[in-house]
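> Chains L and B, in that order, are what the protein sequence lines are. Following our numbering, the numbering of the first sequence begins with 161 at its first residue and continues without gaps. Following our numbering, the numbering of the second sequence begins with 69 at its first residue and continues without gaps.
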Amino acid sequence: MDWLSLSDVEARVNALESLMVEKGLAEHEAVDAVVASFENDMGPVNGAKVVARAWTEPAYLEWLLSDATAAIADMGFTGLQTEHMVAVQNTDERHNVVVCTLCSCYPWTLLGIPPAWFKYPQYRARVVKEPRSVLGEFGVTLPDGVKIDVWDSSAEIRYLVVPQRPAGTEGMTAEELVPLISRDSMVGTALVSASGGTK
Amino acid sequence: MHGPHDLGGRDGVGPINPEFLEPGIPDWRYPFEGRMHAVTAMAIAKGAFNLDEQRHGIELMKWSEYLDSTYYAHWLFSVEKLLNDKGYISHDEIDQRMRELGTPEMTAHPQKPETLTPFAEQMIDVLWKGTPHDVPADSPPVFDVGADVVVRNLRETTHNRLPGYLPRAKGVIAKQYGAFHDPAASAHEQVDKPHQLYMVRFTSTELWGEDATEDFDLYADLFENYLEPAN
Chain L
161 MDWLSLSDVE ARVNALESLM VEKGLAEHEA VDAVVASFEN DMGPVNGAKV
211 VARAWTEPAY LEWLLSDATA AIADMGFTGL QTEHMVAVQN TDERHNVVVC
261 TLCSCYPWTL LGIPPAWFKY PQYRARVVKE PRSVLGEFGV TLPDGVKIDV
311 WDSSAEIRYL VVPQRPAGTE GMTAEELVPL ISRDSMVGTA LVSASGGTK
Chain B
69 MHGPHDLGGR DGVGPINPEF LEPGIPDWRY PFEGRMHAVT AMAIAKGAFN
119 LDEQRHGIEL MKWSEYLDST YYAHWLFSVE KLLNDKGYIS HDEIDQRMRE
169 LGTPEMTAHP QKPETLTPFA EQMIDVLWKG TPHDVPADSP PVFDVGADVV
219 VRNLRETTHN RLPGYLPRAK GVIAKQYGAF HDPAASAHEQ VDKPHQLYMV
269 RFTSTELWGE DATEDFDLYA DLFENYLEPA N
């Protein structure tokens with residue numbers, strides 16, 4: 161087996177699924193359903209709803225920072241890899257960025273499937289040693305006075321970054337704010353701008 | 069264990085692949101990735117193996133294969149090994165089936181079926197309910213918040229969740245999480261054994277030396293037996 165060959169891996173996954181179905185460990189239609197759920201229902205719009213509520217309701221922000229699991233469940237978001245949450249807040253003095261150096265632990269319900277950069281060696285190796293330099297590769301430059309906290313999700317706790325609410329959005333409702341809040345801003349590799357993000 | 073998965077702090081890996089930073093790149097880049105993810109969740113839901121066993125299986129890949137293969141090749145390697153070793157599906161059976169089926173045409177972004185089978189319903193339920201890993205404690209936490217601790221120099225070759233850049237580093241307990249199931253007991257004995265878990269804060273100079281190029285703090289979540297009091 162050539163683990164480096166994309167076509168070999170694809171053919172082998174196909175063979176594995178076929179055998180798992182025969183042995184009663186999987187169903188093709190259930191695979192379709194799970195893939196579709198991940199792709200369509202679980203994802204960063206859920207995390208953005210949490211952040212937007214935190215931006216617009218001070219009491220909710222306080223709850224989110226003190227008991228993120230309960231505050232997030234209050235929005236209806238529970239599920240795999242979202243069972244035990246901690247929320248960390250970006251401020252003028254502090255910027256948070258999340259990694260899993262051992263695999264790719266990530267709050268699936270809130271943010272979806274982790275992006276490729278989160279799963280591959282470069283980010284995982286370097287962000288715990290040179291976060292500013294890594295953030296630079298994402299186009300994020302922080303003022304010198306901003307302290308960085310890096311979170312390595314080494315156990316079953318998953319992290320949500322509450323990005324800073326951008327200037328110029330003061331009059332906006334939570335619903336209007338949601339589209340501005342990108343996936344990467346909730347991992348800590350992007351900032352939120354009033355004109356919205358692309359990732 | 070400090071296998072190929074244990075990447076924190078490694079030098080020489082190069083910049084983040086610019087292709088990964090382009091907007092709109094799908095999180096599952098190839099159709100087999102979502103299917104691999106889904107069948108893994110199903111095998112776990114069916115009780116064929118647990119998540120810690122699946123993680124450990126990945127840790128047993130060869131370094132060269134781990135570093136150069138795509139992410140879901142790691143999952144395939146581990147799931148195949150577990151199903152083979154536990155007697156569900158042999159490597160030979162997969163070889164044979166691969167020859168029979170040849171190169172598949174997989175549909176990207178499948179639709180959710182109109183009506184779900186009971187098993188599909190069960191899987192969607194698992195996705196949205198999750199499987200919590202906290203368990204009742206069998207003893208109180210040893211370390212208080214604010215306590216100075218040092219990470220033990222553990223070099224066991226079995227499963228744990230201790231990143232290899234942390235042993236011998238001094239840190240401070242930032243939070244007590246309570247007891248969670250021990251990943252080693254789960255991976256190797258398939259039992260839920262309570263183990264106190266902590267959030268621990270480290271400085272960048274403690275981790276990377278006085279010449280560390282950047283000044284920051286790092287937090288890791290570490291089990292009690294990875295730690296000892298700092299004197």
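For each residue, glycine too, the CB sits at the ideal point set by N, CA and C.
#1: Consult DSSP for phenylalanine 270 of chain B and reduce its assignment to one of helix, strand or coil.
#2: How many Å lie between glutamine 304 of chain B and alanine 193 of chain L at the Cα?
#3: For the 8 Å Cβ check, are there 3 or more pairs between the stretch 256-266 of chain L and the stretch 319-327 of chain L?
#4: Give a yes or no on whether the minimum CB-CB distance between leucine 224 of chain L and chain B is below 8 Å.
#5: Anything in the stretch 276-296 of chain L with a Cβ closer than 8 Å to a Cβ of chain B? List those residues in chain order, please.
#6: Helix, strand or coil, according to DSSP, for glutamate 296 of chain B in the structure here?
#7: Would DSSP call aspartate 312 of chain L helix, strand or coil?
#8: From lysine 209 of chain L to glutamine 179 of chain B, what does the alpha carbon distance come to, in whole angstroms?
#9: Answer with yes or no whether the minimum CB distance from glycine 239 of chain L to chain B is below 8 Å.
#10: Determine the direct distance from the alpha carbon of glutamate 217 of chain L to that of phenylalanine 198 of chain L, and round the result to whole angstroms.
#11: Is valine 213 of chain B closer than 8 Å to glutamine 264 of chain B when the C-beta atoms are compared?
#12: Find the residues of chain B that neighbour arginine 318 of chain L, judging by a C-beta separation of less than 7 Å, and give them in chain order.
#13: Checking 8 Å against the spacing of the C-beta atoms, do arginine 103 of chain B and leucine 179 of chain L come in under that value?
#14: Of all the residues that make up the stretch 207-237 of chain B, which are near chain L by a beta-carbon distance shorter than 8 Å?
#15: Along the stretch 273-293 of chain B, where does the CB come closer than 9 Å to a CB of chain L? Name the residues.
#16: What did DSSP end up calling arginine 254 of chain L once you bin it into helix, strand or coil?
#17: Report the three-state DSSP secondary structure of histidine 227 of chain B (helix, strand or coil).
#18: Check each residue of the stretch 179-207 of chain L: if its Cβ is closer than 8 Å to any Cβ of chain B, include it; give the result in chain order.
#19: Given this structure, state the Cα-to-Cα distance separating cysteine 263 of chain L from lysine 279 of chain L, to the nearest angstrom.
#20: Please classify glutamine 122 of chain B as buried or exposed, where buried requires at least 16 neighbouring CB atoms within 10 angstroms.
#21: For the candidate residues L:Glu335, L:Ala334, L:Arg292, whose alpha-carbon lies nearest to that of alanine 350 of chain L?
#22: CB-CB under 6 Å to valine 259 of chain B, same chain, minus the five flanking residues each way: which ones, in chain order?
#23: Show which residues of chain B have a CB atom less than 8 Å away from the CB atom of aspartate 309 of chain L.
#24: Do arginine 220 of chain B and proline 251 of chain B have their C-beta atoms closer together than 8 Å?
#25: Considering just the uninterrupted stretch of the beta strand (DSSP E) at aspartate 289 of chain B, what are its terminal residues?
#26: Going by the DSSP bridge assignment, what does leucine 127 of chain L pair with across the sheet?
#27: For the ligand HEM, is there a heavy atom less than 7 Å away from the beta-carbon of aspartate 234 of chain L?
#28: On the three-state DSSP scale, how would you describe histidine 256 of chain B?
#29: Give, in chain order, every residue of the stretch 178-198 of chain B whose Cβ lies closer than 7 Å to some Cβ of chain L.
#30: So what's alanine 188 of chain B in DSSP terms, helix, strand or just coil?
#31: Taking just the CA atoms, how far does alanine 196 of chain L sit from proline 181 of chain B?
#32: Would you call the CB atoms of tryptophan 223 of chain L and alanine 212 of chain L closer than 8 Å?
#33: Report the rounded CA-to-CA distance for leucine 176 of chain L versus histidine 201 of chain B, giving the unit in angstroms.
#34: Mind checking who proline 262 of chain B pairs with in its DSSP beta bridge?
#35: May I have the straight-line CA-CA distance separating leucine 184 of chain B from asparagine 118 of chain B, to the nearest angstrom?
#36: My assumption, with CB atoms under 8 Å, is that phenylalanine 237 of chain L sits in contact with leucine 270 of chain L. Please give the rounded CB distance.
So, from the listed chains and residues:
#1: strand
#2: Missing from the structure shown is residue 304 of chain B; chain B here goes from 69 to 299 and no further.
#3: They touch, by the three-pair rule.
#4: Chain B contact via Cβ: absent.
#5: Listed by position, the residues of the stretch 276-296 of chain L near chain B (Cβ gap below 8 Å) are Ala276, Trp277, Lys279, Tyr280, Pro281, Gln282, Tyr283, Arg284, Ala285, Arg286, Val288, Lys289, Glu290, Pro291, Arg292, Ser293, Val294.
#6: strand
#7: strand
#8: Counting only the Cα atoms, glutamine 179 of chain B lies some 25 Å from lysine 209 of chain L.
#9: yes
#10: 29 Å
#11: no
#12: Correct list: empty, because the minimum Cβ distance to chain B is about 10 Å.
#13: no
#14: Arg229, Leu230, Pro231, Tyr233
#15: Leu275, Trp276, Ala280, Thr281, Glu282, Asp283, Phe284, Asp285, Leu286, Tyr287, Ala288, Asp289, Leu290, Phe291
#16: strand
#17: coil
#18: Leu179, Met180, Lys183, Gly184, Leu185, Ala186, Glu187, Glu189, Ala190, Val191, Asp192, Ala193, Val194, Val195, Ala196, Ser197, Phe198, Glu199, Asn200, Met202
#19: 7 Å
#20: buried
#21: Relative to alanine 350 of chain L, the option among L:Glu335, L:Ala334, L:Arg292 whose CA is nearest is L:Arg292.
#22: Ala253
#23: Phe284, Asp285, Leu286, Tyr287
#24: Not a contact, by the Cβ cut-off of 8 Å.
#25: 284-291
#26: Since the displayed chain L opens at 161 and closes at 359, residue 127 of chain L lies outside it and no answer follows.
#27: The ligand HEM is not part of the structure shown, which contains no ligands of any sort.
#28: Histidine 256 of chain B carries a helical assignment under DSSP once its states are collapsed to helix, strand and coil.
#29: For the stretch 178-198 of chain B, which is checked against every Cβ of chain L, the residues closer than 7 Å are Pro178, Gln179, Lys180, Pro181, Leu184, Thr185, Phe187, Ala188, Met191, Ile192, Val194, Leu195, Trp196, Lys197, Gly198.
#30: helix
#31: 9 Å
#32: no
#33: Put simply, the backbone Cα of leucine 176 of chain L is about 28 Å away from that of histidine 201 of chain B.
#34: Its beta-bridge partners are B:His249.
#35: 25 Å
#36: Leucine 270 of chain L and phenylalanine 237 of chain L do touch by the CB rule: their CB atoms are close to 6 Å apart, below 8 Å.
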